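Worksheet: one structure, shown below.
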């Protein structure tokens, strides 16, 4: 039960609505995530969370008796649940179409939670613990597993696994830079560039790793000429065509 | 004045050598770095630093009156000085030869300081502060500036800058994974793969960014057929040759 965008946070009338335990919990987490999205967790007070959710401070404590640390971890967990689902996608059609949809979901989350996303990934918060670090690592692991499933290699060798993990880090880094630069370029361009990076890394790794080469061949066979790989290939040719001395 | 490898840390005889202030300071930083390399800063005591350097605890305090926090920051600063110099390289010859030498230096540092390098980059230490975060960011910035100089584009547009920063993150991530996986594959293979990634990212970004395309063309013109780009190109062709339906 996410609060609709634009719904005023101080409409205390919401405090009087009868919500189920699950709805109330979701409402509190949502209020907390919105606040953590714009300020570091240590700068957010429980009073503010209560006010943003239009409830009393004791009610926040009833749901989260561990106070801010527990609320922060639960909010992080709920963000992680969303992020971990980003790369879940039916395993059919061209790989780039599946990754493109996954990136759209991921970048929509980044866009919505910008400062909170940055705080989450960069750590350094005083409420950061080994548990929150494990949560972030869990998101990365889930994303890697999904991508490897899409590549048809659920149990990869070290090279392909390293390539996928490296690309996930590149996606994170590019997202942080994107937030930092006032969300330039447009999100669709960022997505297409990250997709191009994936194709480039897969191809470069295929050059020296037979397992990756087999996965790349299988993936390429499903791509269409008007899809991202075809467009990238036709654009790369003019750049490299002057370098025939290298072949 | 680095302590030679294999020099026993508990040879207290060293305490009686007359060292200059600078030599003593370097010796203490070196002892601290060795300890921080294998354990998180919060688990290292000043007594251990004193013992590793073969000096008394008061002497450590005389050089670092701020105690462990100051010693940690100074050790980090000295590590940063080494890392920032990694990518400094004469601007002549093929780009891949320059980057290859830079990666050799960087990965030698990673190899020598493994756990300390991981702790440094992953943060989460209780002695982590905004100053230490700024130091790590400074290393990344210095590396990016050097690479952009090698590309002949000291003041790049957002796309090329993002590409270089993304690759630096990929190098960091791959280094951490490499440590995590017991330093497999061999460091030369890791270096060559990171170099292949750079070529792949540069080429993919050149597809949609004219500035990057110009830099890539200029870089390719300096490459030799038996260099990394030539080898990569000849290895990639068999993988993509089945995908002529995309052209």
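Residue numbers (this note's numbering), protein chains in the order written: chain V, 763 to 1009; chain U, 763 to 1009.
Glycine included, C-beta positions come from ideal geometry on N, C-alpha and C.
Here the structure is a predicted model, which means the values were calculated and not measured.
Closer than 9 angstroms by beta-carbon distance: list the chain V residues that pair up with residue 927 of chain U, in chain order.
935, 936, 939
8 angstroms Cβ cutoff, residue 970 of chain V in contact with chain U
yes
Residue 971 of chain V - DSSP class collapsed to helix/strand/coil
coil
Please list, in chain order, the chain U residues whose beta carbon lies closer than 9 angstroms to that of residue 1009 of chain V.
Neighbours of residue 1009 of chain V on chain U, chain order: 987, 992, 995, 996, 999.
To the nearest angstrom, report how far apart residue 821 of chain U and residue 780 of chain U are at their CA atoms.
13 angstroms
Tell me whether residue 921 of chain U is buried or exposed, calling it buried when 16 or more other Cβ atoms sit within 10 Å of its Cβ.
buried
State the DSSP-derived secondary structure class of residue 802 of chain U, mapped to helix, strand or coil.
coil
Can you find a C-beta in chain U that's less than 8 angstroms from the C-beta of residue 747 of chain V?
With chain V covering only 763 through 1009, there is no way to say anything about residue 747 of chain V.
CB contact below 8 angstroms: residue 959 of chain V versus chain U:
yes
Tell whether a beta-carbon distance below 8 angstroms holds between residue 928 of chain U and residue 962 of chain V.
no
How do the stretch 785–803 of chain U and the stretch 822–831 of chain U stand: do at least 3 beta-carbon pairs fall below 8 angstroms, yes or no?
yes
Could you check what DSSP says for residue 807 of chain V in three-state terms: helix, strand or coil?
Taken through DSSP and simplified to helix, strand or coil, residue 807 of chain V comes out as coil.
Would you identify the three-state DSSP class for residue 986 of chain U, choosing helix, strand or coil?
coil
Just the chain V side, please: which residues come within less than 7 angstroms of residue 760 of chain U by C-beta, in chain order?
As displayed, chain U neither begins before 763 nor continues past 1009, which places residue 760 of chain U out of reach and without an answer.
Cβ atoms of residue 837 of chain U and residue 798 of chain U: under 8 angstroms apart, would you say?
yes
Length of the line joining the Cα atoms of residue 978 of chain V and residue 918 of chain V:
Each residue's alpha carbon lies about 13 angstroms from the other.
Return helix, strand or coil for residue 861 of chain V, following the three-state DSSP convention.
helix
With 8 angstroms as the threshold, decide whether the Cβ of residue 979 of chain U is near any Cβ in chain V.
Yes, its Cβ sits closer than 8 angstroms to a Cβ of chain V.
Amino acids of chain V, ordered along the chain, whose beta-carbon sits closer than 7 angstroms to that of residue 804 of chain U:
Near residue 804 of chain U there are no residues of chain V at all, since even the closest Cβ is about 13 angstroms away, more than 7 angstroms.
Starting from the beta carbon of residue 932 of chain U, find every residue of chain V whose beta carbon is closer than 7 angstroms, and list them in chain order.
928, 931, 932
Do residue 904 of chain V and residue 846 of chain V have their CB atoms nearer than 8 angstroms?
yes
Give me the Cβ distance between residue 795 of chain V and residue 878 of chain V, rounded to the nearest whole Å; I'm assuming they're in contact under 8 angstroms.
6 angstroms
Just to confirm, does residue 906 of chain V get its C-beta within under 7 angstroms of one of the non-hydrogen atoms of the ligand MN?
With respect to the ligand MN, the structure shown offers nothing to examine, as it has no ligands at all.
Three-way DSSP call (helix, strand, coil) for residue 945 of chain V in this model
coil
May I have the straight-line CA-CA distance separating residue 942 of chain U from residue 902 of chain U, to the nearest angstrom?
21 angstroms
Would residue 886 of chain V pass as an interface residue toward chain U - the criterion being a Cβ-Cβ separation below 8 angstroms?
Residue confidence for residue 886 of chain V is low, a pLDDT of 41 falling below 50, so the modelled location carries little weight; the figure read from the coordinates is stated next. It does; some Cβ of chain U falls within 8 angstroms.
Hey, could you find the ends of the alpha helix (DSSP H) residue 914 of chain V is sitting in?
From DSSP, residue 914 of chain V is part of no alpha helix (DSSP H); its letter is neither H nor E.
Against chain V, does residue 946 of chain U count as a neighbour if the rule is that its beta carbon must be under 8 angstroms from one of theirs?
yes
Report the three-state DSSP secondary structure of residue 851 of chain V (helix, strand or coil).
coil
Mind listing the chain V neighbours of residue 880 of chain U? Cutoff is C-beta to C-beta under 8 angstroms, in chain order.
Here the premise fails: no neighbours, minimum Cβ distance about 13 angstroms.
Hey, how far is the Cα of residue 900 of chain V from the Cα of residue 842 of chain V?
Separation of residue 900 of chain V and residue 842 of chain V (C-alpha to C-alpha, rounded to the nearest whole angstrom) is 8 angstroms.
Select from the stretch 814–825 of chain V all residues with a C-beta closer than 8 angstroms to any C-beta belonging to chain U, and list them in chain order.
none
Nearest by alpha-carbon distance to residue 966 of chain V: which of U/882, U/975, U/952 is it?
U/952
For residue 1000 of chain U, the three-state DSSP class (helix, strand or coil):
helix
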